[in-house]
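Trainee: My structure is below; once you've seen it, I'll send some questions.
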Amino acid sequence: PTPTADHAPQLQRASEIFQSYHPGGNEHCATLCLLAQERDRIGAFESAAATISVIRSYLQRKGADAAAAAENDALLLAQCKSEWHGGRFEESFRLAEECRESSDSLLSFLNGV
């Protein structure tokens with residue numbers, strides 16, 4: 042495969058297969074992460090952001106421990122980037138604010154405040 046090839050269709054199919062076995066499972070979410078990265082790489086920013094949103098919804102269902110919160114912040118930033126690159130600046134700003142608030146809450150929790 043060439044570096045410019047679009048692998049999104051194959052990754053989409055892989056995510057559908059993993060979803061059929063265990064929706065939101067580790068393999069499913071990992072494949073969705075790869076799909077979001079690929080969509081971002083080829084300039085399909087709206088699709089990338091939508092894919093990241095799906096991953097975040099699975100994470101939110103799993104629980105609210107510190108590790109999940111950190112993963113959610115990383116995904117928020119990735120989604121924020123995709124929204125920005127796609128020209129959706131207001132949505133990007135909203136996600137950045139959500140990430141800032143989430144990070145502040147996580148730091149307070151970890152510091153016992």
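Numbered by our numbering, the letters in the sequence shown go through residues 42 to 154 in order.
We put the CB at the ideal spot given by N, CA and C, even for glycine.
#1: Under three-state DSSP, which class holds Ala-55?
#2: Measuring only the C-alpha atoms, how far is Glu-87 from Glu-68?
#3: For Gly-1, which residues in the same chain have their Cβ closer than 6 Å to its Cβ, ignoring the five residues on either side in sequence?
#4: Give the DSSP-derived three-state secondary structure of Arg-141 in the structure shown.
#5: Measure from the alpha carbon of Pro-50 to the alpha carbon of each residue in Ala-71, Gln-60, Leu-76, Phe-59, then state which is nearest.
#6: For His-126, I'd like the list of residues in its chain whose CB is within less than 6 Å of its CB, leaving aside the five on either flank, ordered along the chain.
Mentor: Looking at the coordinates:
#1: helix
#2: 23 Å
#3: Because the chain is modelled from 42 through 154, residue 1 falls outside the range shown and cannot be assessed.
#4: helix
#5: Leu-76
#6: Phe-86
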